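Peer 1:
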Amino acid sequence: MTKSIGILTAGGDSPGLNAAIRAIGKSAAAEDMQVIGFRDGFRGLMENRTVRLTADEVSGILTRGGTLLGTSRDKPHKMPVGSRTMDMREKMAEVYESNHLEVLVCLGGGGTQKNAMRLMEVGCNVITLPKTIDNDVYGTDITFGFDTALGIATDAVDRLHSTAHSHHRIIVLEIMGHNTGWLALGAGIAGGADVILIPEIPYDIDIVARAIMQRSKAGKSFSIVAVAEGAVSVEDAQRLEEARAKVDQAESKEDRKQAKSDLRQAQGDHVGNTVRLTHELEERTGLESRLTILGHVQRGGTPSAGDRLLATRLGTACVDLVRDGTYGVMVASRGDGVEALPLEEVVGRRKAVPTDHPWLKGARTVGVSLGD
Ligand code: F6P
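The numbering of the sequence shown is our numbering, which starts it at 1192 and goes up by one.
#1: I need the boundaries of the beta strand (DSSP E) containing Gln1489, first residue and last residue.
#2: Would you kindly report the start and end of the unbroken beta strand (DSSP E) that includes Met1277?
#3: For ligand 1, I want to know if Glu1420 counts as a neighbour, meaning its beta carbon is within less than 7 Å of at least one of the ligand's heavy atoms.
#4: Is the closest heavy atom of ligand 3 to the C-beta of Arg1240 under 7 Å?
#5: Does the beta-carbon distance from Gly1624 to Thr1241 come in below 8 Å?
#6: Can you name the start and end residues of the beta strand (DSSP E) that Cys1297 belongs to?
#7: Taking the straight line between their C-alpha atoms, what separation do you get for Arg1504 and Gly1528?
#8: Where do the ends of the beta strand (DSSP E) carrying Glu1365 lie?
#9: By how many angstroms is the C-alpha of Pro1533 removed from the C-alpha of Gly1519?
#10: Does the separation of the CB atoms of Asn1326 and Trp1373 fall below 8 Å?
#11: Look at the Cβ atom of Ile1198, then the Cβ atom of Val1296, and state whether they are nearer than 8 Å.
#12: Is it true that the segment 1465 to 1484 meets the segment 1493 to 1504, where meeting means three or more beta-carbon pairs spaced less than 8 Å apart?
#13: Return the CA-CA distance between Ser1205 and Thr1193, expressed in angstroms with no decimal places.
#14: Is any heavy atom in ligand 1 found nearer than 7 Å to the beta carbon of Leu1368?
#15: For His1359, verify whether its CB is less than 7 Å away from any heavy atom of ligand 1.
#16: Identify every run of the alpha helix (DSSP H) within the segment 1209 to 1249, keeping only runs that are complete inside it and at least 4 residues long; order them along the chain.
#17: For ligand 1, any of its heavy atoms closer than 7 Å to the Cβ of Arg1264?
#18: Given Gly1382, which residues of its chain have a CB within under 6 Å of its CB, disregarding the five upstream and five downstream residues?
#19: Considering just the uninterrupted stretch of the beta strand (DSSP E) at Ile1380, what are its terminal residues?
#20: Quick one: what's got a C-beta closer than 6 Å to Asp1453's C-beta in the same chain, skipping five residues either side?
#21: Express the C-alpha separation of Gly1273 and Gly1299 in angstroms, rounding to a whole number.
#22: Spatial neighbours of Leu1244 within its chain, please: CB distance less than 6 Å, with the 5 preceding and 5 following residues excluded, ordered by chain position.
#23: When you compare only the Cα positions, how much space is there between Ala1355 and Met1367?
#24: Less than 7 Å separating the Cβ of Ile1185 from some heavy atom of ligand 1?
#25: Could you give the residue range of the beta strand (DSSP E) that holds Pro1533?
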């Protein structure tokens, strides 16, 4: 009997999603399988909003950014429905059955790996592909979307050099990455930023200011600071740790609710933190400072060659797994090949930048301040 593959894209969009959809669609057609797309992530699955993805339909999308299926950040077990938040997993399992799916392929980041596993728990076969510009999915060498975003952010660092230099300014560039600093670190090094601040290494504002003043004394009257959205000062990191501990230790439901609200307050908002960093640097160094927030431009546009290659490699390998009936796995990138990693090993973990990572060593060696 012809196998039917369901496919959805969830979480923030990433360049390379269409390349992956194309790879799955074309290799499924070659294996005589059919592919049904669900629109807008898990919400489209719940609402059974489908689109047939024949080989013809997925033709010509390799170079297109975004996702032709649309995406959302909805979670199967906590779905806003009208004025309520409901567990819609059983409903999704019904839609899965009614479409006679052999497997549901979920393309997404860390949250999507978790959500796919939640559907496994109600009887669906699932396979996931790791995508996110943050590159923080556990168990894969790299996620698709990262390489394109890295190129965009590096270009921004390059361009900011000439204006910072001309005005003798500090320019702070906020780069995406609320939990991990792969993008800020990679673009910072590749673009030649003078300071790079990432969530994995809490910064001391005095150390950052001193590094900039040293440059100034050495005749370099401008500095570029590449900062990840989630980078925090040492003091804020301490406050966050305490707030997280209170959530873990809360005994009653009420205490937990209060502790979670305190944690949200301690987390503040990313932009607020970056604005404060920019002001503090101006105050401490006496150098005029400006802030650029790169935002969603990092997720937009044509995928890089690297992302197209990666998405095609993972997408075609995914169909090999369907042919062999291997489910409950993420198609991880491993060296030049792939590895089918059980979802239990991926879910609930995040790939942060290790403090001994060669990129960090390289950055320090070429004189970048990491704020520590
Ligand atoms: O998870 C990918 C990501 O681009 C993060 O880097 C960023 O913090 C977040 O999504 C932004 O989310 P949204 O597009 O929902 O505002």
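Every residue gets a Cβ at the ideal spot worked out from N, C-alpha and C, and that includes glycine.
Source: prediction; values computed, not measured.
Peer 2: The relevant details are as follows:
#1: Note, Gln1489: premise wrong, no beta strand (DSSP E); not H, not E.
#2: Arg1275 to Met1277
#3: yes
#4: Inclusion of ligand 3 in the displayed structure is not the case, the ligand content consisting of ligand 1 alone.
#5: With the chain running from 1192 to 1563 in the structure shown, residue 1624 is simply not present.
#6: Val1294 to Gly1299
#7: Distance between the alpha carbons of Arg1504 and Gly1528 is about 8 Å.
#8: Ile1361 to Ile1366
#9: 6 Å
#10: With respect to Trp1373, Asn1326 sits close: the two C-beta atoms are nearer than 8 Å.
#11: Yes.
#12: With the cut-off at 8 Å, the segment 1465 to 1484 and the segment 1493 to 1504 do not touch.
#13: Computed Cα separation, rounded: 30 Å.
#14: For the record, residue 1368 in the displayed sequence is Gly; it is not Leu. At least one heavy atom of ligand 1 is nearer than 7 Å to the Cβ of Gly1368, so yes.
#15: no
#16: 1232 to 1237
#17: Yes, since a heavy atom of ligand 1 falls inside the 7 Å radius drawn around the Cβ of Arg1264.
#18: Thr1345, Val1348 and Asp1349
#19: Run containing Ile1380: none in the beta strand (DSSP E); it sits in the alpha helix (DSSP H), Trp1373 to Gly1382.
#20: Ala1434
#21: 25 Å
#22: Gly1216, Val1226 and Gly1228
#23: In a straight line, the C-alpha of Ala1355 is about 21 Å away from that of Met1367.
#24: Residue 1185 lies beyond the residue range present for the chain, which begins at 1192 and ends at 1563; the question has no answer from this structure.
#25: Gly1528 to Pro1533
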